Amino acid sequence: MVLAADAVDLARAQTAFSLAFHICFAVFGVGMPWLLIYTEGRWVRTGDETWLALTKKWSRAFAVLFAVGAVSGTVLSFEFGLLWPAFMSKYGSALGLSFSLEGFAFFTEAIFVGMYLYGWKRLSPRAHWLTLWPIAISGTLSTLFIITVNAWMNVPRGITEVNGKVVAAEPFAPFLSPGTPPQVVHMLLAALMCTGGAVSSIYAVGMLRGRRDAYHQRGLRIGLAVVLVCAPLQLIVGDWAARIAGANQPFKLAAMEGLYHTRSHAPLTLGGFYDDKSGEVRYGLEIPGLLSLMEGFSTDHVITGLDAAPPDERPNGLLVHGSFATMVGFGSALIGLSALTGAAVVRRRRRGEKTLLPTGRPWLFAAAATGPASALSMMAGWEVTEGGRQPWIVGGHMRVHDAVTGADGVAPMFAGSLVLYLGLAGALILILRRMATGGPAVAEIRSGRPAAGVHRTAVHGAGQASPARPGRTTDSDSPSIPKPRPEPAAVEPAAVEPAVEPPVELPVEPPVAGRRRTGGGPEGSRGSAHPGETTGTGSDGTTGFGGRGED
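Basically this note's numbering = 1-based index in the sequence shown + 6.
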């Protein structure tokens, strides 16, 4: 049944908005655990407080993003059944295994996220680090299983239809689609790029504001390394995905390249705007014969154009080509930055410089742009994937307007979703803004001990510092390291200047070498502060984090 255009458009708009909102958080569920594995692993091996500071800060941000992603993903799962009932009813048997496996992977991830967040004081350092591996693996698999569904919708395989009804479906049909391998790899790389880009952007902005300590430098190096290593790999995987699209979705490829006429010696057009009336790309840069050469390794290779499809089966060339140009543009910029950074690192290494990564202001501005560039490139790529399949919800089998719900209430549902997502976005901004407290004090990073005047607390609710156990440091000092602090070295007795009135010399008794000053409390307790240390409740409950910053 063909419904009014407004119902179809509302359902499509709601689904598109929900997917766009959710994907921004799903990428961190894939990429952030792998970064935490690296930073916490370095802390476990070295005991360096800087790695601990990075790990705790990122783990808190990951927990918030994971919670928001869980809520938006739950809403999205309901939308499939409420907005597209005909699609789920007809093809649910083919997609059921992928959705079920995704559910198992998500709940596995959620269980270990709870163990990780609440295990700082309850697990040994190595056991706590090991809980990150199930989180990273299950988060990656969760994305993989969902991408198989989308790949099958683009290039369906493994089903048998008789008179419009599915009479047989392979349980592993989504995994059999030719589009599954390149889409899965493409998305995993995109998730890592978005995560690394966000991290590098945050710490680059912090360094631009004058925070050039080891904490910010390491955060910048880790994030920038991830995004710049993955960017060239995306070029290879993107070419692979384009070949699969050309072989199985020729009209999608034609819309991506803005090619209207079927021809050999087809040009590759960079940028520009596709004109649907004339079938030409305006203001674009054409490279003659390159598209045929890239697709068929010969300029004589024939590329199918949009003219081979009936008018009602053509994708929106303006939207798809524009999104494809945006994705390629940002991706090319990241690849260029990767090449320049690699050349700068090699040159500095040959010169014997200690700092290999350039951190001048132009470089930091470029690093700060990697986060938005990665995110926009990913969003544009998803528009290419979905828009290039239109007007089909299942390529060649079911159209979008045949799958949408016929029930009333789509508009109120859309309005409710908007309110929910705006509320989530507002809460997320407020929480992350309160977490943006800068880095640890420089003296603390260098010595592993708190600097004078820096408050350190345990993370026990709203500003409540927990008492320490004898022989064990508090959660704020080292949440899971059961090792004692280094003993202060013996010092020579220093003469105290005489008071002005009266001029009496004050005797000073030298401290006993090797003994900790605990104010009479038991060894290892926090009866009083160590020299140069104060206790109290910090504003954010983090380890040694100073005043509020912006990164």
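From the three backbone atoms N, C-alpha and C, an ideal C-beta is built for every residue, glycine too.
Note that the structure is predicted; figures quoted are calculated from it, not measured.
Unbroken beta strand (DSSP E) run spanning threonine 137, endpoints
No beta strand (DSSP E) holds threonine 137; DSSP gives it neither H nor E.
Taking all protein chains shown into account, decide if tryptophan 139 is buried (16 or more other Cβ within 10 angstroms of its Cβ) or exposed.
exposed
Residue range of the unbroken beta strand (DSSP E) whose run includes phenylalanine 279
279-281
My output table needs one value for threonine 275: the three-state DSSP class, helix, strand or coil.
strand
Could you pull out every unbroken beta strand (DSSP E) segment of at least 3 residues lying fully inside the stretch 329-403, listed in chain order?
398-400
How far does the beta strand (DSSP E) with threonine 166 in it reach, from first residue to last?
165-168
For isoleucine 293, the first and last residue of its enclosing beta strand (DSSP E):
291-293
Pairwise C-alpha distance: histidine 407 and alanine 22
15 Å
Here's a check: name, in chain order, each residue in its chain whose Cβ is nearer than 6 Å to the Cβ of glutamate 529, leaving out the five neighbours to either side.
With a pLDDT of 41 at glutamate 529, under the threshold of 50, the modelled position of that residue is not reliable, and no figure is offered here.
Under 6 Å Cβ to Cβ from arginine 475, same chain only, skipping five residues before and after it: list those, please.
Unreliable placement is indicated for arginine 475, whose pLDDT of 39 sits below 50; no coordinate value is reported for it.
Between which two residues does the beta strand (DSSP E) harbouring alanine 175 extend?
171-175
Does the beta-carbon distance from leucine 226 to leucine 42 come in below 9 Å?
no
Evaluate the contact criterion for the stretch 158-173 versus the stretch 123-135: three or more CB pairs, one atom per stretch, below 8 Å.
no
Are the CB atoms of glutamine 189 and threonine 391 within a distance shorter than 9 Å?
yes
Could you give the DSSP three-state label for arginine 269: helix, strand or coil?
strand
Just to confirm, does isoleucine 117 get its C-beta within under 8 Å of one of the non-hydrogen atoms of the ligand FAD?
The ligand FAD is absent from the structure shown, which contains no ligands of any kind.
Residue closest to leucine 434, alpha-carbon to alpha-carbon, out of Ala175, Ala67, Ala237:
Ala67
Quick one: which unbroken beta strand (DSSP E) runs of 3-plus residues sit fully inside the stretch 141-228? Chain order, please.
165-168, 171-175
Would leucine 82 and serine 24 be called neighbours here (beta carbons separated by less than 9 Å)?
yes
Under 9 Å between the Cβ atoms of alanine 13 and glycine 412?
yes
Could you tell me the boundaries of the alpha helix (DSSP H) in which glutamate 286 lies?
Per DSSP, glutamate 286 belongs to no alpha helix (DSSP H); it is in the beta strand (DSSP E), 286-288.
C-alpha gap between tryptophan 126 and proline 187, whole angstroms:
38 Å
In chain order, what residues of the same chain lie with their CB nearer than 6 Å to the CB of alanine 381, ignoring the 5 residues before and after it?
Cys200
By the three-class DSSP mapping on this structure, what secondary structure does arginine 405 have?
strand
Can you give me the C-alpha to C-alpha distance between arginine 491 and aspartate 54, rounded to a whole angstrom?
Low local confidence applies: a pLDDT of 44 at arginine 491 is under 50, so the model's placement there is unreliable, with the coordinate-based value given in what follows. C-alpha separation (whole angstroms): 13 Å.
Give the range of the alpha helix (DSSP H) segment to which valine 425 is assigned.
416-441
Given that a residue counts as buried once 16 or more other Cβ atoms are within 10 Å of its Cβ, and exposed if not, what is alanine 174?
exposed
Ordered along the chain, which non-local residues of its own chain (more than five positions away) have a Cβ less than 6 Å from that of proline 397?
Arg405, Val406
Looking at C-alpha atoms only, which residue of Phe110, Ala19, Ala314, Ala111 is the closest neighbour of glutamate 85?
Ala19
Alpha carbon to alpha carbon, what distance is there between glycine 295 and serine 78?
44 Å
Could you tell me the alpha carbon to alpha carbon distance between tyrosine 280 and isoleucine 309, rounded to whole angstroms?
17 Å
Serine 99 vs valine 155 beta-carbon contact at 9 Å:
no
Beta carbon of phenylalanine 563 nearer than 9 Å to that of leucine 71:
One cannot answer for residue 563 here, as it falls past the ends of the chain, which runs 7 to 557.
Beta-carbon spacing of alanine 409, tryptophan 90 below 9 Å
yes
Sub-9 Å separation of methionine 159 and threonine 137 beta-carbons
no
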